[in-house]
Structure formats: structure tokens, C-alpha cells
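Participant: Residues 6 to 68 (our numbering) are what the sequence shown spells out, left to right.
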Amino acid sequence: MLKKLLKIIVKIIVSIVVLYGYNIIMQSFNLYIPINIYTVLIIVLFDGSGFLGLVAFYLLNFR
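#1: For glutamine 44, which residues of its own chain have a beta-carbon under 7 Å away from its beta-carbon, when the five flanking residues on both sides are left out?
#2: Taking tyrosine 63 and leucine 46 to be in contact with their CB atoms under 8 Å, please state how far apart those CB atoms are, rounded to whole angstroms.
#3: Could you pull the start and end residues of the alpha helix (DSSP H) that asparagine 66 belongs to?
Structure (C-alpha cells):
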């Protein structure tokens with residue numbers, strides 16, 4: 006039980022760091038993905054494909 010909880014906490018922290026890193030890198034292009042519970046939850050549940058889906062969604066809808 007404790008291992009599962011620790012794994013989930015690590016995934017949440019990693020997803021926040023990934024979103025923050027993306028926002029820092031893409032700042033010069035004025036492309037941001039907000040760091041909120043929904044975007045973090047999508048990345049935690051769907052891993053890398055969730056992040057790529059968020060990037061594609063924001064590029065197609067808000068550009």
C-alpha cells in the first residue's frame with residue numbers, strides 16, 4: 006500500500022516538473038500549459054502520451 010502511494014506521489018511530482026520545464030523552454034514562443042490539477046492528472050494517468058496530447062491540444066486550440 007505504501008509503495009503504491011509513494012509511486013503516485015512521485016508521478017505527481019514528475020508531472021509538475023515536466024510541465025514547469027515545458028513552460029520554461031517554450032516561454033520564448035509564448036506557449037504555456039497551465040499547471041493545475043487537471044493537467045497534472047492527465048499526465049499522471051496517461052504518462053508521456055498524456056503530455057503529448059496536452060501539447061497537441063493547446064497547439065491546435067489556442068494558437
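We put the CB at the ideal spot given by N, CA and C, even for glycine.
Please read all numbers here as calculations on a predicted model, not as lab measurements.
Facilitator: Quick look at the numbers:
#1: Here residue 44 is threonine; the residue named in the question, glutamine, does not match the sequence. So the list reads Leu24, Ile38 and Leu59, once near-sequence residues are dropped.
#2: Rounded, the Cβ-Cβ distance is 16 Å, inconsistent with contact.
#3: 42 to 66
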